[in-house]
Structure formats: structure tokens, C-alpha cells
């Protein structure tokens, strides 16, 4: 299978190419500015002195934006790992402005395999949300507002990513789970 047009290979996972679509490269600085602005507003609301942030807010915004797409990558890698361990063939993982996609050669034949493969992505995202939320709690009170903001934001984004993907609408993971249940 050919790579999606406009996608550049940036690595591989278990022999599966990992690609970044140009749309993601366009979105990254915009997300960095957005998250950086949100950090500034949150710091002002929390009465954090401007010099106490330890770095430019947009640099922290970039860290959150990159963290978001690494989270999407982990979500897709979970799908890929399940597929590979159960005899599936994956042509690639592509990260785009709207998220990510694991490019399977074919849908698993057994409905149970399709359901579990669809479920592992959102469970990975929800697990990351719980882990990052716990780290937010650990960092709380250490005087590192920017780190706490980044961890909390990534925890919430992963919770939304996991929950959104469980919506019972195709081609979301929840839609695949429903399709498997009805088969």
C-alpha cells in the first residue's frame, strides 16, 4: 500500500512505517500558540508571577502540542500492536491534523478481534489520562505551575481522546466495537 499523499515517514514501530502528514506540521505551531496562550491565562488567573513560569509560554505550548500527538501515536500503536500480535498486517500509522490512523491490510475476521483491537486504543488514551492526572497531582505544590499545566492539559486531552473515540459512530473505535457486536 502506498503512503498517503503529503505524508513523510519519521520512523517505524515493529516494521510499520510511522508517517506525519503535512497538515500536522501546519497545525503544530497553531496549537503551540493556543496552548501557550492558555498557559498564560491560567497563570494570570492563578496569580503566578510572569517570571515564575520558567520558560516562554509558547515553548510550553509546543510541549503540550507535541505531547498531544505523541498521545495519538501511542493510541494508534496500541491498535497496531494488537493487530500484529493477532496475525494482522498493518501498512502504516499516519498522524494528521484530525488525529491518527492505523492503516490495516484488512479488518479482523473475528468480531471479537475487531472489538478488542478497536478498544485498545481508547483504553490506552484513558490509561494515559489517569497516569498524567496522577503526575499532575504529584507535581502540585512543587512550584512548577507550567509543568502542572502541561500534565493536566495532556491528561484532559487524553481523556477526551479516549472518550471521543468510544462514540458509537463509524469510523471511530466505538463504531467498530458496535459493528463487531452486531456481527
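In this note's numbering, the protein residues as written are 58 to 240.
Using N, Cα and C, we set each Cβ at its ideal position, and we do this for glycine too.
| Cross-strand partners of residue 149 (DSSP beta bridge) | Walking along the chain shown from the start, residue 149 turns up at place 92. In the DSSP output, where bridge partners are listed per residue, residue 149 has 160.
| Counting Cβ pairs, one atom from each stretch, are 3 or more of them under 8 Å apart for the stretch 139-155 and the stretch 64-74? | Taking 8 Å as the limit for Cβ pairs, the verdict is that the stretch 64-74 does touch the stretch 139-155.
| task | Starting from residue 72, follow the alpha helix (DSSP H) in both directions and report where the run begins and ends. | result | Counting from 1 along the chain shown, the entry for residue 72 is found at position 15. That residue, residue 72, is in no alpha helix (DSSP H); it is neither H nor E in DSSP.
| message | Quick check on DSSP: helix, strand or coil for residue 105? | response | Here residue 105 corresponds to residue number 48 of the chain shown, with the count starting at 1. It is coil, neither helix nor strand.
| Of the listed residues 170, 213, 198, 186, nearest to residue 235 (C-alpha basis) | By 1-based counting over the chain shown, the position of residue 235 is 178. Of 170, 213, 198, 186, the residue nearest in Cα terms is 170.
| request: Measure the alpha-carbon distance for residue 228 versus residue 119 and round it to whole angstroms. | output: To locate residue 228, count along the chain shown from 1; it is residue 171. To locate residue 119, count along the chain shown from 1; it is residue 62. When rounded, the distance between both Cα atoms is 29 Å.
| field | Status (buried if at least 16 other CB within 10 Å, exposed otherwise) for residue 142 | value | Taking the first residue of the chain shown as position 1, residue 142 is located at position 85. That one is exposed.
| field | Buried versus exposed, by CB contacts within 10 Å (16 or more), residue 102 | value | As a working mapping, residue 102 is identified with position 45 in the chain shown. Classification of residue 102: exposed, given that the 10 Å Cβ count is below 16.
| message | For residue 185 and residue 215, which I take to be in contact (beta-carbon distance under 8 Å), what is that distance rounded to the nearest angstrom? | response | For the purposes of this step, residue 185 is identified with residue 128 of the chain shown, where counting begins at 1. For the purposes of this step, residue 215 is identified with residue 158 of the chain shown, where counting begins at 1. Right, their Cβ atoms sit about 4 Å apart.
| Cα-Cα separation between residue 217 and residue 224, rounded to whole angstroms | Numbered from its first residue, the chain shown carries residue 217 at position 160. Numbered from its first residue, the chain shown carries residue 224 at position 167. Spanning the two alpha carbons is a distance of roughly 11 Å.
| message | Just to confirm, is the Cβ distance from residue 157 to residue 130 under 8 Å? | response | Looking up residue 157 in the chain shown gives position 100. Looking up residue 130 in the chain shown gives position 73. It is a contact, given that the beta carbons lie within the stated cut-off.
| query | Which of the three DSSP states, helix, strand or coil, is assigned to residue 224? | reply | Here the question's residue 224 lines up with position 167 in the chain shown. Residue state, collapsed to three classes: coil.
| said: Considering Cα atoms alone, identify which of 144, 97, 175, 167 is closest to residue 264. | reply: Outside the displayed span of the chain (58 to 240) sits residue 264, for which this structure offers no information.
| field | When 123, 106, 183 are compared against residue 90, the one with the closest alpha-carbon | value | Here residue 90 refers to the residue found at position 33 when the chain shown is read from its first residue. That would be 123, whose Cα lies nearest to the Cα of residue 90.
| query | Helix, strand or coil: how does DSSP classify residue 268 here? | reply | As shown, the chain starts at 58 and ends at 240. That puts residue 268 outside it, with no answer to give.
| Per-residue DSSP class, three states only, for residue 196 | As a first step, residue 196 must be located in the chain shown, where it is residue number 139. The answer is helix: DSSP assigns residue 196 an H, G or I state.
| Using a Cβ-Cβ cut-off of 7 Å (strictly less than) and excluding sequence neighbours within five positions of residue 81, which residues of its own chain qualify? | Your numbering for residue 81 matches position 24 in the chain shown. Taken in chain order, the residues that qualify are 126, 152, 153, 154.
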